[in-house]
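The listed protein sequences derive, respectively, from chains A and B. Heads up: the first sequence is residues 0 to 199, going by numbering that gives the first Met the number 0. Heads up: the second sequence is residues 0 to 199, going by numbering that gives the first Met the number 0. All C-beta atoms in this analysis are idealised placements derived from N, C-alpha and C, irrespective of residue type, glycine included.
2 protein chains.
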Amino acid sequence: MAQHRTRAALPLERKFISRPTTLRVVEGCVALYRELGDGRRLIPDVLGPGRLFGSGLVDVQDCRAMTLAATSVETFDGPPQAAVIDVVMRQMLLRAQAHAILLGRKTAAERVATALLDLASQFARKSRSPSGKGKTTFNLHLTRADLADWLGLTLETVSRCLGAFKRGRLIAFDHPEIITIRDRTALEALAAGNARAFAA
Amino acid sequence: MAQHRTRAALPLERKFISRPTTLRVVEGCVALYRELGDGRRLIPDVLGPGRLFGSGLVDVQDCRAMTLAATSVETFDGPPQAAVIDVVMRQMLLRAQAHAILLGRKTAAERVATALLDLASQFARKSRSPSGKGKTTFNLHLTRADLADWLGLTLETVSRCLGAFKRGRLIAFDHPEIITIRDRTALEALAAGNARAFAA
DNA sequence: CGCATTTTTGATTCTTATCAAGACGAGTGG
DNA sequence: CCACTCGTCTTGATAAGAATCAAAAATGCG
């Protein structure tokens, strides 16, 4: 599936990637983003380990990519195989459509719940202690502002939602970047649009 | 580019398409849509003549398609060529990302302005009279409710925006479905996010 | 010519954005 | 080790934008 590849080892902190190649996230987190003329910014997708991106794939047009943590990526020398492109594009499109629903028709709380579940699935640590059933802990690589630009909200609203979830025992966190999911069922109900609770 | 094709001639009015084939819009208008559990609905894309869609292409997952006017489509017998899929997917992804920005970061007026320009480019009538410079007239195949579901708004807000544009001489319409663009420049400025005017 | 659907318009409410301080944490230099 | 500072996060008060509720006007259809 992969052509000749080189480990690029970019332990960049919030550096920018603009080279025209295809890349795969090995560890860490990459966010695609676009800036409007004025201050507005939008992050259409957040990529965890295993996800592919690069020119001619995803950041079509004028999207840029930025690493949000100590991140390493592999580069592919030639253009990737057509079959690979197809699979990745399909996944991107699927995610884009799901995200469109989120942006167009979900409340703030529903958006944050959806985001938490997505990030948990991409960044979950395997260390689920014997006691923890369904409890997942993961590193939220995004700041509140990044989350806001991903979810079409403001950073204050994101913070309020996370606070409300914490008070409601859906999640837990001491450090604002290390999140534990305590009640996945409730989060999923929220994300799906059931459960009208937890206004920001 | 096209394989053996048959004119399917579906002069359906808001009928539903669910067959697993690849289709091309010949004339009329097709909207892809998804329904959430409760009443909420979202239209991720609206397709005019020339656009391709169908299974394994666009309405990936559980998107459905619906015709919004007397519409005819061609069907392709086999699966389309890989190159065709690639081009179409790329276009869809591009549009999806642009739409994500609209949904995530634009005001109601900006969204409606963007939609009008998009629809004008897809459905413009060639009959630009000698006097009309830049004036385009087109048939808005979508109802206000459809527009709302496309733009992540309510039908009332859409109606108010259109009314505001009409009063501001940006557009004109007597029949609510036949729209004429009178000031394309202003609309484009609005759509781009400049010009803070015309709150709903 | 009614009847049903869509559109417009108005009044009000709600959610979220905006504005404004603080609080917390990490890193720096004395 | 301790101020100091910068960036992020939290929290509160207020405001703006769009949703909701409600009811007319158009429009289209049988």
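### Query
Among B/G36, B/A30 and B/V83, which residue has its Cα nearest to the Cα of B/T66?
Here residue 66 of chain B corresponds to residue number 67 of the second sequence, with the count starting at 1. Selected option, being the one with the closest Cα: B/A30.
### Task
Residues of the region 86-102 of chain B with a CB closer than 7 Å to any CB of chain A: list them in chain order, please.
M88, R89, M91, L92, L93, A95, Q96, H98, A99, I100 and L102
### Query
Under three-state DSSP, which class holds B/F164?
Translated into the one-based positions of the second sequence, residue 164 of chain B becomes position 165. Three-state DSSP puts B/F164 in a helix.
### Message
If you measure between the beta carbons of A/A200 and A/I180, is that distance less than 7 Å?
### Response
Since the first residue shown for chain A is 0 and the last is 199, residue 200 of chain A is missing from the structure and cannot be characterised.
### Message
Within 7 Å of any Cβ in chain B, is that where the Cβ of A/A112 sits?
### Response
Position 113 of the first sequence, counted from the start, is the residue given in the question as residue 112 of chain A. Not closer than 7 Å to any Cβ of chain B, the Cβ of A/A112 fails to qualify, so no.
### Chain-ordered neighbours of B/C62 on chain A, where CB pairs are closer than 8 Å
Your numbering for residue 62 of chain B matches position 63 in the second sequence. What B/C62 touches in chain A: Q96.
### Message
Here's the rule: buried if 16 or more other CB atoms are within 10 angstroms of the residue's CB, otherwise exposed. What is B/E176?
### Response
Here the question's residue 176 of chain B lines up with position 177 in the second sequence. Exposed, because fewer than 16 other Cβ atoms sit within 10 Å of the Cβ of B/E176.
### Through-space distance from A/A191 to A/D182, alpha-carbon basis
Locating residue 182 of chain A in the first sequence gives position 183, counting from the first residue. Locating residue 191 of chain A in the first sequence gives position 192, counting from the first residue. C-alpha separation (whole angstroms): 14 Å.
### Task
Ignore the nearest five residues each way along the sequence and tell me which others in B/G151's own chain have a CB closer than 6 Å to its CB.
Residue numbering aside, residue 151 of chain B sits at position 152 when the second sequence is read from its first letter. Correct list, in chain order: L102.
### Query
Any Cβ of chain B within less than 7 Å of the Cβ of A/A69?
Counted from its first residue, the first sequence places residue 69 of chain A at position 70. It does not; no Cβ of chain B falls within 7 Å.
### Query
So, is the C-beta of A/R6 closer than 7 Å to a C-beta in chain B?
Locating residue 6 of chain A in the first sequence gives position 7, counting from the first residue. Reliability fails at A/R6, whose pLDDT of 30 lies under 50, so the model's placement of it is uncertain and no value is given.
### Message
Just verifying my parser: in three-state terms, what is the DSSP assignment at B/E34?
### Response
On the second sequence, position 35 is the one that residue 34 of chain B refers to. The answer is strand: DSSP assigns B/E34 an E or B state.
### B/C160 and B/V87 closer than 7 Å at C-beta
Taking the first residue of the second sequence as 1, we reach residue 160 of chain B at position 161. Taking the first residue of the second sequence as 1, we reach residue 87 of chain B at position 88. Contact flag unset, no.
#### Entry: Integer Cβ distance of B/A107 from B/T156, believed to fall under 8 Å
In the second sequence, the residue the question calls residue 107 of chain B occupies position 108. In the second sequence, the residue the question calls residue 156 of chain B occupies position 157. Going by Cβ atoms, the distance from B/A107 to B/T156 rounds to 5 Å, so yes, they are a contact pair.
#### Entry: Candidates B/A123, B/A64, B/R104 and B/K165, of which the one nearest B/R23 by Cα
In the second sequence, counting from the first residue as 1, residue 23 of chain B sits at position 24. Selected option, being the one with the closest Cα: B/A64.
#### Entry: Where the beta strand (DSSP E) containing A/R53 begins and where it ends
Locating residue 53 of chain A in the first sequence gives position 54, where the first residue counts as 1. It is Gly, not Arg, that sits at residue 53 of chain A in the sequence shown. Per DSSP, A/G53 belongs to the beta strand (DSSP E) from L51 to G53.
### Message
Taking a contact to mean a Cβ-Cβ separation below 7 Å, would you say A/T21 touches A/G47 in this structure?
### Response
Your numbering for residue 21 of chain A matches position 22 in the first sequence. Your numbering for residue 47 of chain A matches position 48 in the first sequence. Their beta carbons are not under 7 Å apart, which means A/T21 does not touch A/G47 by this criterion.
### Message
Just verifying my parser: in three-state terms, what is the DSSP assignment at B/T206?
### Response
The question about residue 206 of chain B has no answer here: the residues shown for chain B are numbered 0 through 199.
### Query
What does B/G192 touch in chain A if you count any residue whose Cβ is under 9 Å from its own?
As a position in the second sequence, residue 192 of chain B is number 193, starting the count at 1. Within chain A, the residues near B/G192 are L35, G36, D37 and R39.
### Query
Among all the DSSP beta bridges, which residues are the ones paired with B/T179?
What you label residue 179 of chain B is simply residue 180 of the second sequence in a count that begins at 1. In the DSSP output, where bridge partners are listed per residue, B/T179 has B/T136 and B/A171.
### Message
Please list, in chain order, the chain A residues whose beta carbon lies closer than 8 Å to that of B/I84.
### Response
By one-based count along the second sequence, residue 84 of chain B stands at place 85. Those within 8 Å of B/I84 in chain A are D85.
### Query
By the 10 Å Cβ neighbour count, where 16 or more other Cβ atoms means buried, how is B/D37 classified, buried or exposed?
Translated into the one-based positions of the second sequence, residue 37 of chain B becomes position 38. It counts as exposed.
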